[in-house]
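A.B. asks: Letter 194 of the sequence shown, counting from 1, is numbered 289 in my numbering, and no numbers are missing.
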Amino acid sequence: MNYRHAFHAGNFADLVKHAALLAMLARRGDGPLAIVDTHAGAGLYDLNGEAATRSVEAAAGVVRLMGEDQVPAPLEVLRAAVRRANPKGGLRWYPGSPLLAARALAPGDSYLGFELRADDHAALTRALQGEARATAACADGFEAAAKRIPATGEALVLIDPPFERPDDYRRIVETTREVRRRNPAARLAIWLPLKDLETFDALLRDLEPAAGEGVLVCEARMRPLSDPLKMNGCALVIVRPPDGLADDLEAVCAWTVEALGENGQAKVWTLN
Ligand SMILES: C[S@@+](CC[C@H](N)C(=O)[O-])C[C@H]1O[C@@H](n2cnc3c(N)ncnc32)[C@H](O)[C@@H]1O
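This is the structure:
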């Protein structure tokens with residue numbers, strides 16, 4: 096496993112994914128919520144560290160976000176979370192999905208993040224210290240997800256693989272099917288890179304029968320999808336989206352594409 100999220104932390108795709116996560120948490124129901132994050136990463140990223148300064152991806156992401164006068168409401172929520180991760184001011188630290196989720200939990204909720212790399216799992220454990228309702232596990236998140244959500248009640252499964260392995264797409268579909276079989280009320284948020292449309296369409300076709308009705312798809316195409324070797328954008332597939340989420344995602348994708356893209360396109364639509 097070569098992928099290190101530290102190279103990508105705070106890029107445009109993180110902004111879309113993390114603003115959407117916070118919007119889903121803001122629109123949750125009343126019951127206790129169990130979150131399982133199948134691919135958690137390190138939890139907190141140093142934008143002054145070697146990986147981030149080599150990639151400079153955050154420059155066209157969170158650095159721009161924090162420098163804007165005004166941004167749409169769901170991105171404002173993310174800005175507040177980024178400020179909280181930088182208590183001394185400035186922009187050195189970028190919080191990943193584990194810390195963002197953990198800090199949005201209410202009493203009775205839980206967060207369980209899976210990270211396979213030993214070094215990133217150690218970092219994740221450190222990042223979650225002091226977050227009473229959050230735990231990290233060094234194990235395969237695809238394998239564990241359905242087993243670790245409650246069979247009833249509110250559950251949210253986040254799926255965000257590195258797409259280093261060709262079977263990541265197949266395992267997304269299998270995990271979605273197993274999660275929904277275990278708890279039909281579970282929501283899922285699945286992150287996908289947008290390179291070419293064939294791969295994306297094939298995944299959606301395979302996912303449709305596993306995901307059930309009313310699946311929401313949001314696409315932030317940062318540039319025309321003419322070079323399939325490039326990450327031309329990103330998409331989120333939301334299974335059982337809460338009411339009102341489509342409006343949040345429209346605002347997030349439109350801002351991201353307009354402010355950070357080049358001749359891109361934002362799309363939010365329902366799969367079935
Ligand atoms: C895209 S990053 C996660 C970023 C994180 N979700 C966030 O938004 O802050 C993917 C992570 O998954 C880890 N990983 C890869 N395969 C895994 C698996 N089968 N189970 C758990 N973690 C895995 C990688 O080491 C990497 O840190």
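No residue lacks a Cβ here, since even glycine has one placed at the ideal position from N, Cα and C.
Quick one: using the 10 Å Cβ neighbour count with 16 as the cut-off for buried, is T365 buried or exposed?
C.D. replies: exposed
A.B. asks: What are the boundary residues of the beta strand (DSSP E) that includes R187?
C.D. replies: Taken as a continuous stretch (DSSP letters only), R187 belongs to no beta strand (DSSP E), as it is neither H nor E.
A.B. asks: Is the beta carbon of E210 sitting closer than 8 Å to the one on L219?
C.D. replies: yes
A.B. asks: Would you report the Cα separation of A217 and E273, rounded to the nearest angstrom?
C.D. replies: In a straight line, the C-alpha of A217 is about 28 Å away from that of E273.
A.B. asks: In the structure shown, what three-state DSSP assignment does T133 receive?
C.D. replies: coil
A.B. asks: Where does E252 land, buried or exposed, given buried means 16+ other C-beta within 10 angstroms?
C.D. replies: Per the sequence shown, the amino acid found at residue 252 is Val instead of Glu. That one is buried.
A.B. asks: List the endpoints of the continuous beta strand (DSSP E) containing S321.
C.D. replies: Taken as a continuous stretch (DSSP letters only), S321 belongs to no beta strand (DSSP E), as it is neither H nor E.
A.B. asks: With distances taken between CB atoms, is the gap from A101 to A146 smaller than 8 Å?
C.D. replies: Yes.
A.B. asks: Along the chain, where does the beta strand (DSSP E) that runs through D141 open and close?
C.D. replies: 139-141
A.B. asks: Excluding the five sequence neighbours on either side, which residues of its own chain have a C-beta within less than 8 Å of the C-beta of Y98, listed in chain order?
C.D. replies: P257, E259
A.B. asks: Here's the rule I'm using: 16 or more other beta-carbon atoms within 10 Å means buried, otherwise exposed. How should A199 be labelled?
C.D. replies: buried
A.B. asks: Does the Cβ-Cβ distance between L120 and L160 come in under 8 Å?
C.D. replies: By the CB criterion at 8 Å, L120 and L160 fall outside the cutoff.
A.B. asks: If you check the beta carbons only, do N278 and P323 fall under 8 Å apart?
C.D. replies: no
A.B. asks: For a test of your reading of the model: does the CB of D109 fall under 7 Å from any non-hydrogen atom of ligand 1? Yes or no.
C.D. replies: yes
A.B. asks: Which ranges does the beta strand (DSSP E) cover as unbroken runs of at least 3 residues, wholly within the segment 261-328, from first to last along the chain?
C.D. replies: 282-289, 311-316
A.B. asks: What would DSSP say about F209, mapped onto helix, strand or coil?
C.D. replies: strand
A.B. asks: With respect to 7 Å, is the separation between the Cβ of S192 and the closest non-hydrogen atom of ligand 1 below this value?
C.D. replies: yes
A.B. asks: Please classify T230: does DSSP put it in a helix, a strand, or coil?
C.D. replies: strand
A.B. asks: Does the beta-carbon of S83 have 16 or more other beta-carbons within 10 angstroms, so that it is buried, or is it exposed?
C.D. replies: Past the edges of the chain, shown from 96 to 367, lies residue 83, and the structure says nothing about it.
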